[in-house]
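Numbering (this note's numbering), first residue to last: 153 to 1041.
For glycine and all other residues, C-beta sits at the position ideal for the given N, C-alpha and C.
Here is the structure we will look at, set down as C-alpha cells.
The structure is reproduced here in C-alpha cells:
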C-alpha cells in the first residue's frame, strides 16, 4: 500500500520523452504526437541527440540538459539503454518513469526492479502502452487512438487489450478517468493503483485485466477496500493450464490455479467476467450506472414478442428473475395497449405501436413503484423508426430526477437502422446493447456484483465459544513429530491434532507386520478395514493399499501380504511403515466427503471441498481462502453444489450443512493456527445422522520459514494475539480484543445505548442509527489496514460491548486516525485510557509515523486523557474542534 509515492504520476505538471523521434515508425514519435495532441498544459520536453526539434518542439540532447526536472519521464528507447537512463533521470530528481520497451528476460526484470529501488524511482512497465489521464489532457502512451474523460478507470497488463478497449470505447462514446497499462508490473502493481483509484472521486468503477499477480496479500487488501466503495470488475486470463502458461510467458510471475483466483475475486467482493465481450458489456453498464442495484427483479418493455422471450430465457438461465407488476400498473397499461387486456411482464406494446403509445407505456413503468430495473427492447420497422424511439426514451428519462427513476437499459436490435439509436441512448447516459442476450448479460453483471457485495457484508453467526480449540496442545504435538523428523502423519498420528480442534476420527490401531495386523484386528473386533501406511504413496486406494470388510484374522493377514506384494511391484522403493486397522464404519445412508488443504506458491494455504475419491484437484473441488467464518463456509458449500462437485444424493438424511459449516471453520482455524502444516486431507469424511467422522487423514508438516517479503496467508486472520484480560476501576474483569464480524449485533446494541450527547461528541453532529451495511463495514474490517478494539463483558451469557477504539492507517502507513467512544453507562471505569493505549500500542507495532484524532471543545475528558498520554493539543476556534496528535517511534 503506497498512494503517496505514486500520486504525482496522476497529477503531472511536466513530462519528458526520452528517445523522442521524428521517425514515424518509432515509439518516441507516437508518444510525442499523442502528448501534443492530448492538450496537456505543461511543458513537454523531448530528449534526443539526433534532432534539434521533434514535432516542432525544441529537443534536448541528453537528460542533463533538461531545463527542469520532469514529473514524469517516458523512456521510448530499446531495453539495453533503460538502466543508465533511469540513473540519469534519478540524478536529475525525476521520480516517476514509464518504460515502453518489451521483451525483457526475468533476469533483466529483476535487475530493473533492484535498480528502481536503489535510485528510489517509481516505474510503470516495462512492456506497457503507457498512461492516459483524459481530464488533464495527458496521453503519455504509445496508443494509436485517444480517449475522452469518463468515470471508469481501466488497468491492464496487456498492451494489446488496451488498444482493443480504446477502439471499442471510442466507438461507444465511453470515456475513462484513468487508462493505465502496467505491463510486467516490475514496480507499480495493481494493489497500489487500486488504493489510489478506490479513493479517487473522479472514478466510479474500476476495470482490471490481469495475467498474473505478485503481491497477493497487498492486492486482496486493496481490492476489498476499493470494492466496498465502488464496483471492481476483473477479467483474469489463464483459466486453463495452457492459458496459464501463456500468461506466464507474457508477463512472468508465478502461476496459480484459476480456481484459487476465482476464490480471491469472490472473497474481495469483486466481479469476474470471462472474456473481452463480457468486459465490454460490463464497461458500458458501469460507465453509465456505477451504483449498486437496489433489488434484482427486471421489467421488460418491448415492441416485439420474440426478442422479449429471448431476454426472459437468458435472464432465467442466468438465475435472474422478472418483477411482478401490480394490478394498478397492469390496469394502466391495458388502457394504453388496445390489442390486449391481459398485459404482463414482459410488456409487449406490439410492432405497430406509434411513438405516443411507446412513451405512455414507458411513463407508466417509470412511475410504477415495483419497477426498479427496466430493459427497453426495440425492433426496427417502418412504423417504428429506431432513432425516434431513442429520442423519446432519452427525453422521457431526462424529465425524471435521476435519484428517483429506475435503472434503465436499452436494446436496439439491428445494425444500420439501430446504430444511430444506440448512439443517441449512449450520449443520453443510458446503457444500450445490440442483442437481448447482451443486455441481460450486462444486467446480470450488476446482479452478481450486488450478490457478491451482499455476501461480503453478511453478519456471520458466532460459534467462537463453541469451538473448544486447544491450539497450544496441537502445536506441541506437531513440534514433537518434527523433532523426530516425522513429516508425514497418517490417520493415527493426525488424530490427536484433529481432536484438539474438535474433529473426530475413527479409532485406529497400528501394526507393523501382516501377522501383527491379524492379532490387532482380533482385538479390535470384526469387520475391519486394513490400510497401508506409507509416506511415499499419496493415494493408497489407487494401488490396492486399502481393503474393506475383512471378517476374520486369516483374511486380514492374507490381505496384508497381498498389499505388500502389489506395492513391491508398483513402488519397489516406497517406504512402508506398517498397517492401520480400523473398525468398519457403517456407510449405508452416509455421504462421503473430502476436505483438503493445499499450499499454493502464491496464495499460501487454500481449502478444498468435494466428494470423497481417489483424487481431488482444483477442478474437482470448490476452493476458498482461509480464514473462514460460518457465512464463508456456507458460501463454500453453495459453490461446491453449483459447481457439481458436491452432489445432492437420495439418502435417508441430507448432510447437515450447519454442522459442516462449523467443521469447515475448525479446519480453517487449524490451518491458521498451525503454520507448520503444509497439507492436509480428510478423505473420506463420513457424514451421517448430523455427525462427521474422518475415516482417513494425512497431514504433511514442515518447519515453517517466515519470509519477510511474503505473508503466509493471503488474508490476514483475526489477530488473536491482541486479546487481553483487563481489570476495570471497579475491580471487575473484562476482555480487550480486536473486533470480529460476529460482533455486529453487540455493536448495534452498543451504538443504540449511547446517549444523545455521547453520539454528538463522537460524530460531531446528529447522526441516525447505523444501518446493517454501515455496521458490517465497522465489524468486518481488514486487519492489514485498520484496527478496532473493543472491551466486552459477559452479561447473562451474552457479550456486551463497553467501549470501542478504532484506528485507520493511511495507505502509506504514515498517519493513523483514531476515534474512541465509551458506553454512556460505563464511564469512570478507565476504559478510555485502556482503549487509547491499545490503539497507540497497535500503531507503534505497525510502524505508523503518527496517530491523530479530533474532538469537540466540550469533550474535556478526551482532551485531558490525550494530554496525559503525550498528545499535542491544538484548538481550531473557527471549526470549534480540538486536533490531537502524537508522533510515534
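Item, Value
"Outcome for residue 773 when other beta-carbon atoms lying within 10 angstroms are tallied against a minimum of 16", "buried"
"Own chain, CB closer than 7 Å to residue 339, minus 5 neighbours either side, in chain order", "265, 268, 274, 275"
"Residue 702 to residue 712 span [Cα, whole Å]", "11 Å"
"Three-way DSSP call (helix, strand, coil) for residue 931 in this model", "helix"
"Identity of the residues DSSP links to residue 885 by a beta bridge", "879"
"Classification of residue 143 by the beta-carbon crowding that lies within 10 angstroms, buried from 16 upward", "Residue coverage of the chain in this structure runs from 153 to 1041, which leaves residue 143 outside it and unanswerable."
"Inter-stretch contact at 8 Å, needing at least 3 Cβ pairs: the region 418-433 / the region 362-381", "yes"
"Rounded separation between residue 222 and residue 315 - CA only", "27 Å"
"Between the CA atoms of residue 469 and residue 541 - distance to the nearest angstrom", "29 Å"
"Alpha-carbon spacing of residue 330 relative to residue 286, whole angstroms", "7 Å"
"Coil, strand or helix - residue 636 by DSSP", "coil"
"Residue 598 in three-state terms, based on DSSP", "helix"
"Residue 341 versus 352, 625, 363, 952, residue with shortest Cα-Cα distance", "363"
"Own chain residues within Cβ distance below 6 Å of residue 105, not counting five before or after", "With the chain covering only 153 through 1041, there is no way to say anything about residue 105."
"Runs of beta strand (DSSP E) wholly within the region 655-741 (minimum 3 residues, chain order)", "661-663, 680-685, 698-702, 730-735"
"Residue closest to residue 717, alpha-carbon to alpha-carbon, out of 610, 695, 1036", "695"
"Selected residue, minimal CA-CA separation from residue 186, among 200, 201, 207", "207"
"Short Cβ contact (8 Å threshold) for residue 652 with residue 622", "yes"
"Cβ contact (3+ pairs, closer than 8 Å) linking the region 673-684 and the region 872-880", "no"
"Length of the line joining the Cα atoms of residue 184 and residue 296", "12 Å"
"Other residues of its chain near residue 381: CB distance less than 7 Å, five sequence neighbours each side excluded", "350"
"Collapsed DSSP secondary structure at residue 520 in the structure displayed", "coil"
"Backbone CA spacing between residue 821 and residue 867 [nearest angstrom]", "13 Å"
"Short CB-CB distance (under 8 Å) between residue 998 and chain D", "The question asks about chain D, but that chain is absent: this structure has only one protein chain."
"As assigned by DSSP and simplified to three states, the class of residue 744", "strand"
"CB of residue 894 within 8 Å of CB of residue 613, strictly", "yes"
"Where residue 653 falls: helix, strand or coil (DSSP)", "coil"
"Same chain, Cβ closer than 8 Å to residue 967, five either side skipped, listed in chain order", "961, 1000, 1001, 1002, 1003, 1004"
"Inside the region 164-235 only - alpha helix (DSSP H) runs reaching at least 4 residues", "179-190"
"Exposed unless 16 or more other CB atoms sit within 10 angstroms - verdict on residue 799", "exposed"
"Three-state secondary structure (DSSP) of residue 832", "strand"
"Classification of residue 538 by the beta-carbon crowding that lies within 10 angstroms, buried from 16 upward", "buried"
"Counterpart residues of residue 752 in DSSP-defined beta bridges", "756"
"Distance CB(residue 525)-CB(residue 634) smaller than 8 Å", "no"
"Cβ shell of residue 679 (< 7 Å), same chain only, five flanking positions each side left out", "701, 702, 703, 736"
"Euclidean distance between Cα positions of residue 556 and residue 582", "15 Å"
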